[in-house]
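*Asks:*
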Amino acid sequence: MSILIKNGRVVNPATKADEVMDILIEGERIEKIAANINFSTAQLIDASEKVVVPGLIDMHTHLREPGREDEETIQTGTYAAARGGFTTICCMPNTNPAIDEPSLVEFVLKEAQRSGIVEVLPIAAISENREGKDLSQMGRLKGAGAVAFSDDGDWVVSSHLMRRALEYVKMLNVPIISHCEDKSLNQDGVMNEGYFSTILGLKGMPAEGEEIAVFRDLLLAKMTGSYVHIAHVSTANSVRLIKEAKKAGIRVTAEVTPHHFTLTDEEVTSFNTNTKMNPPLRSKKDVEALKQGLKNNIIDVIATDHAPHTFEEKEKEYNFAPFGAIGLETALGLAIKELVKKNVISLMETIAKLTINPARILGIDRGEIKEGKKANLTIFDLEKIWEVKEEEFLSKSTNSPFLGWHLPARIEYTIVGGRVVYPVRKKAPSVRADL
Amino acid sequence: MDFKRKDLLGIEDLSKEELLYILDTTKSFREVLERPIKKVPTLRGRTVVNLFFEPSTRTRMSFELAEKRLNADVLNFSVSNSSVSKGETLLDTVKNILAMKVDCFVVRHSVPGTPHFLARSLPVSIINAGDGAHEHPTQALLDIYTMREKKGDVGNLKVTIIGDITHSRVARSNIWGLSKLKAEVRVCGPPTLIPPEIDRMRVKVYYSIEEAIEGVDIIMMLRIQKERQERGFLPSLSEYIELFSLTEERLKLAKEDVLVMHPGPVNRGIEMPARIADGKRSVILDQVTNGVAVRMAILYLLLSKKSEG
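Chains as they are written, first to last, in my numbering: chain A, 3 to 437; chain B, -4 to 304.
1. Which of the three DSSP states, helix, strand or coil, is assigned to His443/A?
2. How would you label Pro260/B, buried or exposed, when you count the other beta carbons within 10 angstroms and need 16 or more for buried?
3. What are the boundary residues of the alpha helix (DSSP H) that Gln224/B is part of?
4. Any idea what DSSP makes of Leu65/A, helix, strand or coil?
5. Within a Cβ cutoff of 7 Å, which residues of the same chain sit near Leu437/A, ignoring the five residues on either side of it in sequence?
6. Where Met216/B and Pro185/B are concerned, what is the direct C-alpha to C-alpha distance, given to the nearest angstrom?
7. Spatial neighbours of Phe47/B within its chain, please: CB distance less than 6 Å, with the 5 preceding and 5 following residues excluded, ordered by chain position.
8. Excluding sequence positions up to five away, which residues of its chain have a Cβ less than 6 Å from the Cβ of Val211/B?
9. Measuring CA to CA, which of Gly211/A, Ile179/A, Val176/A, Pro177/A is closest to Thr192/A?
10. The segment 200 to 231 of chain A: which residues have C-beta closer than 9 Å to a C-beta of chain B, in chain order?
11. Report the CB separation of Pro260/A from Gly329/A in whole angstroms; it is logged as a contact under 8 Å.
12. In the DSSP assignment, find the alpha helix (DSSP H) that holds Leu86/B and state where it starts and stops.
13. Quick check on Val211/B: does DSSP put it in helix, strand or coil?
14. Run through the DSSP bridge pairs and tell me what His308/A is partnered with.
15. Consider the Cβ of Asn188/A: report whether some Cβ of chain B lies at a distance smaller than 9 Å.
16. What does Thr84/B reach in chain A if we use C-beta pairs closer than 8 Å?
17. DSSP puts Thr380/A in a beta bridge; with which residues?
18. Return the chain-ordered list of same chain residues with a C-beta closer than 8 Å to the C-beta of Ser348/A, the five sequence neighbours on each side being excluded.
19. Using a Cβ distance threshold of 8 Å, determine whether the segment 194 to 201 of chain B contacts the segment 126 to 135 of chain B, with at least three qualifying pairs required.
20. Within 10 angstroms of the Cβ of His408/A, are there 16 or more other Cβ atoms? Answer buried if so, exposed if not.
21. When you compare the CB of Glu290/A with every CB in chain B, is at least one pair closer than 9 Å?
22. What's the call for Ser42/A, buried or exposed, on a 16-neighbour Cβ count within 10 Å?
23. Taking the C-alpha atoms as reference points, what is the distance between Phe85/B and Lys245/A?
24. DSSP three-state label for Thr58/B, please.
25. In terms of residues, what are the limits of the beta strand (DSSP E) holding Ala249/B?
26. For Ser23/B, count the other beta carbons within 10 Å of its own beta carbon; 16 or more makes it buried, fewer makes it exposed. Which is it?
27. Would you decide whether Arg39/B is buried or exposed? Buried here means 16 or more other CB atoms lie within 10 Å of its CB.
28. Are any of the Cβ atoms in chain A nearer than 9 Å to that of Ser77/B?
29. When the Cα of Leu202/A is compared with those of Thr271/A, Gly374/A, Glu33/A, which residue comes out closest?
30. List, in chain order, every chain A residue whose beta-carbon is nearer than 9 Å to that of Met267/B.
31. Out of Gly369/A, Gly419/A, Ala323/A, point me to the one whose CA is closest to Phe112/B's CA.
32. Please confirm whether Gly108/B and Tyr197/A have their CB atoms less than 9 Å apart.
33. Does any CB atom of chain A fall closer than 9 Å to the CB of Val106/B?
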């Protein structure tokens, strides 16, 4: 099976190339990239006026399986990814049970292969059962296929355990991803602490609740000479701390979510529970700093923190609804709208933060368009405006704060290993037929 | 003026004109309360449900009396928040009651925004009777009505609100209302009970009760919850009393004709001694009386138009 992509604007951050080219895919690999390829037996994709980029990589997804298959399954999560242009997603281990042993890593990989349509790379827990007490068997977990370690959802509160984790992974070359949150400061807060939490009477989570944790983890990275990736950075001071750390030679990278660089805590005035996430939506000043951080490469990656929750869970009083919003299907549109169209960073930089940058952090052979490499490609129409509609989500959940928004960059095709996975032929079944 | 709202959710989103219109409308209902027969047929055939998810005695009774004096049929539904976790969601509970064909819900709930959530989801009128630390619009309306009744134009007044500002919906609703009417508003309490960036609501913040009281027309004392001590906001209740209760000495720092207000119920001996609560500067019971009139006005404004149409 071969596919010929004609006349696409190929944007490839690995080489900084941005030119109209043809791409020939043979089997699951890229066979040839050239100005004018003719190959009559191939399936033809006319990509004129379209942008062709390496398949997007999301290094922060919650697939909820095992444990909360009512919110998302590995299968439905991959469908949502495909619709969002993601060909590779890394799933966080805060499932039930937590992904903290090799057999569970294998389960995720097998289930993704069986029912999924994009690549799923599991992230395993730093500590057993994510309890922050004992290290998980990181060597074996890596052997089973884990690409990173994180207790995401919880910070590793024990500085001692975090130190040992950072030390231990030095021999494994697998990153530790830290969810930075001092819960003893945040308490039972439900939104950013500031003017809007004050007028709404909702309990606040101060920016310092994140920054204290970021600072400690930067110090531990320095102390151990190890490497840490900071998940979902949301405050101006976090950006500043990471900037200083990078300047000082500490090995750190960072990610931001589209909702954090798009929305402010003023959104919560609607009391729409889809604006409730952790870290919370922050102030205007923070959003500005996040954009500057993206511009100055303090923030290396755009990641979704796709966090599906059922309609029933979210259709509640604000305090009682769970934290989180889905993001896979709106990420590229928001990045183009907020960053490229508003001249914060270039299209090339934006795509880099969605492809080659996360690939390098994870040490995976992905994120570039090159002859001989696996044919993971995303094709989108930069100018095509589409509306975010509840009924069109392929995710099992619809908890998005962007319902009704009009976004640019509609995904035309998502190709994984030489196979067109989006447009999908049919939606993932909500109940597994073969069980 | 045409009052076209479906709901009363807060003071923040009312215009100055709407605010004054409600206060003026209250005046005629206040007169009804002085009649030997305190009942008008305004809402005959309409059904109002008092939906209280938080314990409340006086606000619920005040609403119930207001409803009955307007001749509405009244249904009381009081539950603790914990029953929500038994399976039936709030929205389902309310939709079930709505299916019995009612016209209005008066909602009190511990979570901010819950009345807004219901207002968005239901076609009938919602009146916020207090949502967490967010708003308590009818309380602010009765407070401001009482100030106008006693002092005239609120725009000339200096008002100080003293106590636990962080957890107070009464403070927030009063701040919005008073600042819309151009009163000078001060808030005072220990820094642990003053929420961040409250100065952006155009209030002055004081940590000293003496300074906060200096030269004011109105002192509004807020109820302090004893559990604030357990949650680390206060070192001890007795220290709080020493620093922030209203004493005869402190009262002398205000204007001579100062009014002392309290949303109730007063912790006598904590926010103020009984002698001040019952004293000649206190208008605490006037507030309670006016509360019924304000609630009658709100019910009338939200519900009567629809019954005519």
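Glycine is no exception: its CB is placed at the ideal position from the N, C-alpha and C atoms. Fair warning: this is a prediction, and the values are worked out from it, not measured in the lab.
*Replies:* Based on what the coordinates show:
1. There is simply no residue 443/A to check, as chain A begins at 3 and stops at 437 in what is shown.
2. exposed
3. 222 to 225
4. coil
5. Residue confidence for Leu437/A is low, a pLDDT of 44 falling below 50, so the modelled location carries little weight; the figure read from the coordinates is stated next. Excluding sequence neighbours, Leu437/A sits near nothing in its chain.
6. 14 Å
7. Arg55, Ser73, Arg103
8. Lys153, Thr155, Ala249
9. A small correction: the amino acid at residue 192/A is Val; Thr does not occupy that position in the sequence shown. Out of Gly211/A, Ile179/A, Val176/A, Pro177/A, Gly211/A has the C-alpha closest to the C-alpha of Val192/A.
10. Thr200, Ile201, Leu202, Gly203, Leu204, Lys205, Gly206, Pro208
11. 6 Å
12. 85 to 93
13. coil
14. Thr63/A
15. no
16. Glu314, Glu317, Lys318
17. Val55/A, Thr416/A
18. Val342
19. no
20. exposed
21. no
22. exposed
23. Checking the displayed sequence, the identity of residue 85/B turns out to be Leu instead of Phe. Each residue's Cα considered, the two are about 46 Å apart.
24. Residue identity check: residue 58/B is Phe in the sequence provided, not Thr. Residue state, collapsed to three classes: helix.
25. It is not in any beta strand (DSSP E) - Ala249/B carries neither H nor E in the DSSP assignment.
26. exposed
27. exposed
28. Residue placement at Ser77/B is poorly supported in this model, since its pLDDT is 47, which falls under 50; the coordinates still yield a value, given next. For Ser77/B, the answer is no, since every Cβ of chain A falls outside 9 Å of its Cβ.
29. Thr271/A
30. Chain A residues near Met267/B: none, gap ~25 Å exceeds 9 Å.
31. Ala323/A
32. no
33. yes
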